[in-house]
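Colleague: Chains as they are written, first to last, in my numbering: chain B, 11 to 271; chain V, 11 to 271; chain G, 11 to 271.
Beta carbons: idealized from backbone N, C-alpha and C, even for Gly.
Here the structure is a predicted model, which means the values were calculated and not measured.
Supplied in structure tokens, the structure appears directly below.
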Amino acid sequence: MEDKKVITLTSDFGYADSYVAQIKGVIHSINPTSTIIDVTHEISKFNIQTGAFMLASAAPYFPKGTVHVAVVDPGVGTKRRALAIKTKQGYFVGPDNGLLILAAERQGITGIYELTNPKYMLPEVSGTFHGRDVFAPAAAYIEKGVNPARFGPKVEEPVRPEFVQVKHEKDSIIGRILHVDSFGNIITNLRKTDVPKETLNIKIQDTEFKLKLKKTYGETKPKDTMALIGSHGFLEIAINRGNAAEKFNAKMGTEITITPN
Amino acid sequence: MEDKKVITLTSDFGYADSYVAQIKGVIHSINPTSTIIDVTHEISKFNIQTGAFMLASAAPYFPKGTVHVAVVDPGVGTKRRALAIKTKQGYFVGPDNGLLILAAERQGITGIYELTNPKYMLPEVSGTFHGRDVFAPAAAYIEKGVNPARFGPKVEEPVRPEFVQVKHEKDSIIGRILHVDSFGNIITNLRKTDVPKETLNIKIQDTEFKLKLKKTYGETKPKDTMALIGSHGFLEIAINRGNAAEKFNAKMGTEITITPN
Amino acid sequence: MEDKKVITLTSDFGYADSYVAQIKGVIHSINPTSTIIDVTHEISKFNIQTGAFMLASAAPYFPKGTVHVAVVDPGVGTKRRALAIKTKQGYFVGPDNGLLILAAERQGITGIYELTNPKYMLPEVSGTFHGRDVFAPAAAYIEKGVNPARFGPKVEEPVRPEFVQVKHEKDSIIGRILHVDSFGNIITNLRKTDVPKETLNIKIQDTEFKLKLKKTYGETKPKDTMALIGSHGFLEIAINRGNAAEKFNAKMGTEITITPN
Numbered sequence: 011m012e013d014k015k016v017i018t019l020t021s022d023f024g025y026a027d028s029y030v031a032q033i034k035g036v037i038h039s040i041n042p043t044s045t046i047i048d049v050t051h052e053i054s055k056f057n058i059q060t061g062a063f064m065l066a067s068a069a070p071y072f073p074k075g076t077v078h079v080a081v082v083d084p085g086v087g088t089k090r091r092a093l094a095i096k097t098k099q100g101y102f103v104g105p106d107n108g109l110l111i112l113a114a115e116r117q118g119i120t121g122i123y124e125l126t127n128p129k130y131m132l133p134e135v136s137g138t139f140h141g142r143d144v145f146a147p148a149a150a151y152i153e154k155g156v157n158p159a160r161f162g163p164k165v166e167e168p169v170r171p172e173f174v175q176v177k178h179e180k181d182s183i184i185g186r187i188l189h190v191d192s193f194g195n196i197i198t199n200l201r202k203t204d205v206p207k208e209t210l211n212i213k214i215q216d217t218e219f220k221l222k223l224k225k226t227y228g229e230t231k232p233k234d235t236m237a238l239i240g241s242h243g244f245l246e247i248a249i250n251r252g253n254a255a256e257k258f259n260a261k262m263g264t265e266i267t268i269t270p271n
Numbered sequence: 011m012e013d014k015k016v017i018t019l020t021s022d023f024g025y026a027d028s029y030v031a032q033i034k035g036v037i038h039s040i041n042p043t044s045t046i047i048d049v050t051h052e053i054s055k056f057n058i059q060t061g062a063f064m065l066a067s068a069a070p071y072f073p074k075g076t077v078h079v080a081v082v083d084p085g086v087g088t089k090r091r092a093l094a095i096k097t098k099q100g101y102f103v104g105p106d107n108g109l110l111i112l113a114a115e116r117q118g119i120t121g122i123y124e125l126t127n128p129k130y131m132l133p134e135v136s137g138t139f140h141g142r143d144v145f146a147p148a149a150a151y152i153e154k155g156v157n158p159a160r161f162g163p164k165v166e167e168p169v170r171p172e173f174v175q176v177k178h179e180k181d182s183i184i185g186r187i188l189h190v191d192s193f194g195n196i197i198t199n200l201r202k203t204d205v206p207k208e209t210l211n212i213k214i215q216d217t218e219f220k221l222k223l224k225k226t227y228g229e230t231k232p233k234d235t236m237a238l239i240g241s242h243g244f245l246e247i248a249i250n251r252g253n254a255a256e257k258f259n260a261k262m263g264t265e266i267t268i269t270p271n
Numbered sequence: 011m012e013d014k015k016v017i018t019l020t021s022d023f024g025y026a027d028s029y030v031a032q033i034k035g036v037i038h039s040i041n042p043t044s045t046i047i048d049v050t051h052e053i054s055k056f057n058i059q060t061g062a063f064m065l066a067s068a069a070p071y072f073p074k075g076t077v078h079v080a081v082v083d084p085g086v087g088t089k090r091r092a093l094a095i096k097t098k099q100g101y102f103v104g105p106d107n108g109l110l111i112l113a114a115e116r117q118g119i120t121g122i123y124e125l126t127n128p129k130y131m132l133p134e135v136s137g138t139f140h141g142r143d144v145f146a147p148a149a150a151y152i153e154k155g156v157n158p159a160r161f162g163p164k165v166e167e168p169v170r171p172e173f174v175q176v177k178h179e180k181d182s183i184i185g186r187i188l189h190v191d192s193f194g195n196i197i198t199n200l201r202k203t204d205v206p207k208e209t210l211n212i213k214i215q216d217t218e219f220k221l222k223l224k225k226t227y228g229e230t231k232p233k234d235t236m237a238l239i240g241s242h243g244f245l246e247i248a249i250n251r252g253n254a255a256e257k258f259n260a261k262m263g264t265e266i267t268i269t270p271n
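Shown next as structure tokens:
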């Protein structure tokens, strides 16, 4: 018996309509024993970056082989590609707009395929709801053991929006702020491998400051600014019982520059 | 082994209370291997018509044999009947107030039974929460293979509210507007079989217009009005990048008259 | 084969973030065949009493052996203990702040254990998210058959906040109001065994009144005040088509005194 796989769903569909249920119905019609877990369906409408962050924050906790479906898809009905990405840990299915790539790259991508083979879609594909008609069947077939290479041609250059890009310059590393949480903590797109081990010189907007990378929130005094690799695997700037985003005037998309000391 | 069945839930209970969990607990107590999928629990309180539409929009995507439970039940505690409906595709369980009938009729009804046999209810049935005490056990027993004919007497005339009725008159067909979605698209209660194949003369409120039935949204220019059979199987009037409900002054319940050309 | 167990989740995490999904991912990583049911994640932030009531209202409907995880945890990161409670009906996992005890005591507690053994936690335990790092693994291991006695030392005196306490005095029984529902019905922390069988003298704030315990809502006339043991197993004071909380000036935490007649 193949290992039991899980399918996760992330979208901006909300909980008031039946869209999410339609997706789950399609998955169960193809694979009646599926286990489907919602990441969230309350991504703000068309906000690809927040969708990407939520997916990247949840994916590391799922078992090997999990198929992650994400649908924040302002380009549905246009020529934007539909993708299935295979990684060392699992699979990602959704639009080629950057939604999947942040989480997928952290798992080590081993292949990206365009979803073009109608055999793995619903018989009628609407122009507006690929979540149900294209992505859900693809995920259910992967869960059943179909190799995503059968879905369509290999994709070499998926869309990589600014929020997944990290620039390694001669003296510094430039990343972006991915997300500001409800406590005002700043989550950047920089990963452990992007960050020199010891003291960091950090620049956000016009403020420059120097910090040692901590291991936990507990290691600082109240009101101290600290830097740590958060549970999602990204560099985070926080103020113990304070609001870092406010202090540094940081928003989603703001640049952050790290200079090794 | 019998085919794996799915149970879906639709209600106006919201997500903040434990009502939905109580229903799921009862189902799992009777049938520990149930797979339960939420359609939505955010139907506005006591809005039977929206509940009926949401259920009808989701049901076609579920596998054969699925048991759909729906609870929008302003009449609970009165003499309104509780029903189990068997169709060619699956089962529907809920109050006899029109909530189930729209979705069930589309699947071809083969039998309707009143839930009167206390053997298939919880030992204590409250006057206020039949979702948990009556409908959940019935659904779990159907999933286990119990024939709904054992629940109680046959029902010949279920409640059919105005929103499920279509009048076929000599020269025209009169339906109702079921739902206006967040884009202002108008979804009617007319089905493919109600609609002549070619050009349609449509009247909504005081506006009359002529349209050809399209297959997809893509076939029209921006601001064009169009008619198509939507993914839910109902005739839909939409304006490409516009708000049809506003233009035609259409609301839930408004009449729509179709005259074949 | 061991009986199929269900895991339930109750929290104040909301549905917009990926926290709940992270918990589910951890559970499925340890036990891929888990069935996880949400009670609710919309407990108002840090409101232990409402969380305790929601859990206590849902738990009785779940099958024997169910593992209930609850996370309303303002003390996370402090020295508050993490608990697994074994009862005659199932298991409860969460912080030692009163959240679990109301529901657990109704099932008959047979053992309480502190979660201290790192073998049954994630390899890295954050200071802020024990729901994922400590409680989720404990629940998954219980579902797999691990005896909670292996998690850590026995706890003899769990935290019992005022809202779970009932004082039996010479002539009277003093309880607290647990919850006021959206109809203004008053749910107390008094159970069937706390309440004398026949007529009750009840005092809430400055109002005293005498009532016979009813079996159902149906037994009274509109506007009559009534007392009954509700479906959650607690004494409830309600007014047929009226608002009892308003009439008696009752809020969450208000004392209620019962004097047997």
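#1: Whole angstroms are fine: how far does the CA of V:Glu52 sit from the CA of V:Ile183?
#2: Of all the CB atoms in chain G, is at least one closer than 8 Å to the CB of B:Glu167?
#3: Helix or strand or just coil, what does DSSP make of G:Ile37?
#4: Among V:Thr138, V:Arg116, V:Val79, whose alpha-carbon lies nearest the alpha-carbon of V:Val103?
#5: Using a Cβ-Cβ cutoff of less than 8 Å, which residues in the same chain neighbour B:Glu134 once the five nearest sequence positions on both sides are dropped?
#6: Based on DSSP bridge pairs, tell me the residues matched to V:Pro270.
#7: Under 8 Å by Cβ, that's how I've got G:Pro168 and G:Asp234 pegged, so tell me the actual separation to the nearest angstrom.
#8: On the three-state DSSP scale, how would you describe V:Asp181?
#9: Are the C-beta of G:Val174 and some C-beta of chain B separated by less than 8 Å?
#10: For the candidate residues B:Glu179, B:Pro84, B:Pro42, whose alpha-carbon lies nearest to that of B:Lys310?
#11: Based on the DSSP secondary-structure assignment, which residues constitute the bridge partners of V:Asp48?
#12: Just the chain G side, please: which residues come within less than 9 Å of V:Val36 by C-beta, in chain order?
#13: When the Cα of V:Ser192 is compared with those of B:Phe23, B:Leu19, B:Lys15, which residue comes out closest?
#14: Can you check which of these residues, B:Gly252, B:Asn253, B:Pro206, B:Gly75, is closest to B:Ile268 by C-alpha distance?
#15: Mind pulling the chain B residues with CB within less than 9 Å of G:Tyr130?
#16: Listing by chain order, which chain V residues have their CB less than 7 Å from the CB of G:Asp234?
#17: Using a Cβ cut-off of 7 Å, pull out every chain G residue sitting near V:Ala26, in sequence order please.
#18: Three Cβ pairs or more, each shorter than 8 Å: is that satisfied between the stretch 85 to 101 of chain V and the stretch 65 to 75 of chain V?
#19: Using 8 Å as the threshold, is the C-beta distance between B:Lys129 and B:Ile187 below it?
#20: Quick one: is V:Arg142 near chain G, going by C-beta distance under 8 Å?
#21: For B:Ile119, does the three-state DSSP call read helix, strand or coil?
#22: Relative to the alpha-carbon of V:Gly35, which residue among V:Gly141, V:Ala68, V:Ile95, V:His242 has its alpha-carbon at the smallest distance?
#23: Who pairs with G:Pro105 in a beta bridge, going by DSSP?
#24: What is the residue span of the beta strand (DSSP E) that B:Ile197 lies within?
#25: G:Lys180: buried (16+ other C-beta within 10 angstroms of its C-beta) or exposed?
#26: Beta-carbon within less than 7 Å of B:Asn127's beta-carbon, same chain only, minus the 5 sequence neighbours each way: which residues are those?
#27: Could you work out which residue in G:Pro270, G:Phe139, G:Ala94 is closest to G:Thr120 when comparing CA atoms only?
#28: Please tell me whether V:Ala146 and G:Ile47 are closer than 8 Å, where the distance is taken between their beta carbons.
#29: How big is the Cα-Cα spacing for V:Leu210 and V:Lys222?
#30: Please classify V:Arg251 as buried or exposed, where buried requires at least 16 other C-beta atoms within 10 Å of its C-beta.
#31: Can you name, in chain order, every residue of its own chain whose Cβ lies under 8 Å from the Cβ of V:Met131, other than the five neighbours on each side?
#32: DSSP on V:Ile249, reduced to helix/strand/coil?
#33: What residues in the stretch 63 to 96 of chain B bring their beta carbon closer than 7 Å to a beta carbon of chain G?
#34: Step through the CB atoms of chain G and report whether any lies within less than 8 Å of the CB of V:Phe139.
#35: What residues in the stretch 201 to 215 of chain G have a beta carbon less than 8 Å from any beta carbon of chain B?
#36: Chain V beta carbons: is any one of them nearer than 8 Å to that of B:Ala31?
Modeller: The short version:
#1: Working through the second sequence from its first residue, we reach residue 183 of chain V at position 173. Working through the second sequence from its first residue, we reach residue 52 of chain V at position 42. Distance between the alpha carbons of V:Ile183 and V:Glu52 is about 32 Å.
#2: Sequence index remark: in the first sequence, residue 167 of chain B carries index 157 (1-based). No, no contact with chain G.
#3: Start at 1 with the first residue of the third sequence, and residue 37 of chain G comes out as number 27. G:Ile37 falls in the helix class under three-state DSSP.
#4: Sequence index remark: in the second sequence, residue 103 of chain V carries index 93 (1-based). Ranking the options by Cα distance to V:Val103, first place goes to V:Val79.
#5: The residue given as residue 134 of chain B occupies position 124 in the first sequence. Asp143.
#6: By one-based count along the second sequence, residue 270 of chain V stands at place 260. In the DSSP output, where bridge partners are listed per residue, V:Pro270 has V:Leu210.
#7: Counting from one through the third sequence, the residue named residue 168 of chain G turns up at place 158. Counting from one through the third sequence, the residue named residue 234 of chain G turns up at place 224. In fact, because the Cβ distance is near 39 Å, the residues do not count as touching under 8 Å.
#8: What you label residue 181 of chain V is simply residue 171 of the second sequence in a count that begins at 1. Here V:Asp181 sits in coil by DSSP.
#9: Position 164 of the third sequence, counted from the start, is the residue given in the question as residue 174 of chain G. No, its Cβ sits nowhere closer than 8 Å to a Cβ of chain B.
#10: Because chain B in this structure spans residues 11 to 271, residue 310 of chain B falls outside the shown range and cannot be described.
#11: Reading the second sequence from its first residue, position 38 is the one you call residue 48 of chain V. V:Asp48 is bridged to V:Leu19.
#12: On the second sequence, residue 36 of chain V is found 26 positions in, with the first residue counted as 1. Within 9 Å Cβ-Cβ: Tyr71, Phe72.
#13: To locate residue 192 of chain V, count along the second sequence from 1; it is residue 182. Out of B:Phe23, B:Leu19, B:Lys15, B:Phe23 has the C-alpha closest to the C-alpha of V:Ser192.
#14: Sequence index remark: in the first sequence, residue 268 of chain B carries index 258 (1-based). B:Ile268 has its Cα closest to that of B:Pro206, out of B:Gly252, B:Asn253, B:Pro206, B:Gly75.
#15: Counted from its first residue, the third sequence places residue 130 of chain G at position 120. Per Cβ cutoff of 9 Å: no residues; G:Tyr130 is ~16 Å from chain B at best.
#16: Taking the third sequence and counting its residues from 1, the one referred to as residue 234 of chain G is at position 224. Ordered by position in chain V, no residue passes the 7 Å Cβ test against G:Asp234, which lies about 15 Å from the chain.
#17: For this step, residue 26 of chain V is matched to residue 16 along the second sequence. Those within 7 Å of V:Ala26 in chain G are Thr50, Glu52.
#18: yes
#19: Reading the first sequence from its first residue, position 119 is the one you call residue 129 of chain B. Reading the first sequence from its first residue, position 177 is the one you call residue 187 of chain B. No. Outside cutoff.
#20: Stepping through the second sequence from its first residue, residue 142 of chain V is reached at position 132. Yes, contact with chain G.
#21: In the first sequence, residue 119 of chain B corresponds to position 109, counting from 1. B:Ile119: strand per DSSP, three-state reduction.
#22: On the second sequence, residue 35 of chain V is found 25 positions in, with the first residue counted as 1. Nearest of V:Gly141, V:Ala68, V:Ile95, V:His242 to V:Gly35, Cα basis: V:Gly141.
#23: Translated into the one-based positions of the third sequence, residue 105 of chain G becomes position 95. For G:Pro105, which the question treats as bridged, DSSP gives the partners G:Ala92.
#24: Here residue 197 of chain B corresponds to residue number 187 of the first sequence, with the count starting at 1. Looking at the DSSP string, the run of the beta strand (DSSP E) that includes B:Ile197 is 196 to 201.
#25: Sequence index remark: in the third sequence, residue 180 of chain G carries index 170 (1-based). With fewer than 16 other Cβ atoms within 10 Å, it is exposed.
#26: Locating residue 127 of chain B in the first sequence gives position 117, where the first residue counts as 1. Only Arg160, Phe161, Gly162 meet the Cβ criterion.
#27: Mapped onto the third sequence, residue 120 of chain G falls at position 110. Selected option, being the one with the closest Cα: G:Ala94.
#28: Taking the second sequence and counting its residues from 1, one reaches residue 146 of chain V at position 136. Taking the third sequence and counting its residues from 1, one reaches residue 47 of chain G at position 37. Going by C-beta atoms, V:Ala146 is not nearer than 8 Å to G:Ile47.
#29: Residue 210 of chain V sits at position 200 when you count from the first residue of the second sequence. Residue 222 of chain V sits at position 212 when you count from the first residue of the second sequence. Looking at the two C-alpha atoms, the distance is approximately 6 Å.
#30: Residue 251 of chain V sits at position 241 when you count from the first residue of the second sequence. V:Arg251 should be labelled exposed.
#31: Translated into the one-based positions of the second sequence, residue 131 of chain V becomes position 121. Same-chain partners within the cutoff: Leu125, Asp143, Val144, Pro147, Ala148.
#32: Along the second sequence, read from residue 1 onward, the residue named residue 249 of chain V stands at position 239. If DSSP states are grouped into helix, strand and coil, V:Ile249 belongs with the strands.
#33: Met64, Ser67, Ala68, Tyr71, Phe72, Pro73
#34: If you number the second sequence from 1, residue 139 of chain V lands on position 129. With 8 Å as the cut-off, V:Phe139 counts as an interface residue toward chain G.
#35: none
#36: Locating residue 31 of chain B in the first sequence gives position 21, where the first residue counts as 1. It does; some Cβ of chain V falls within 8 Å.
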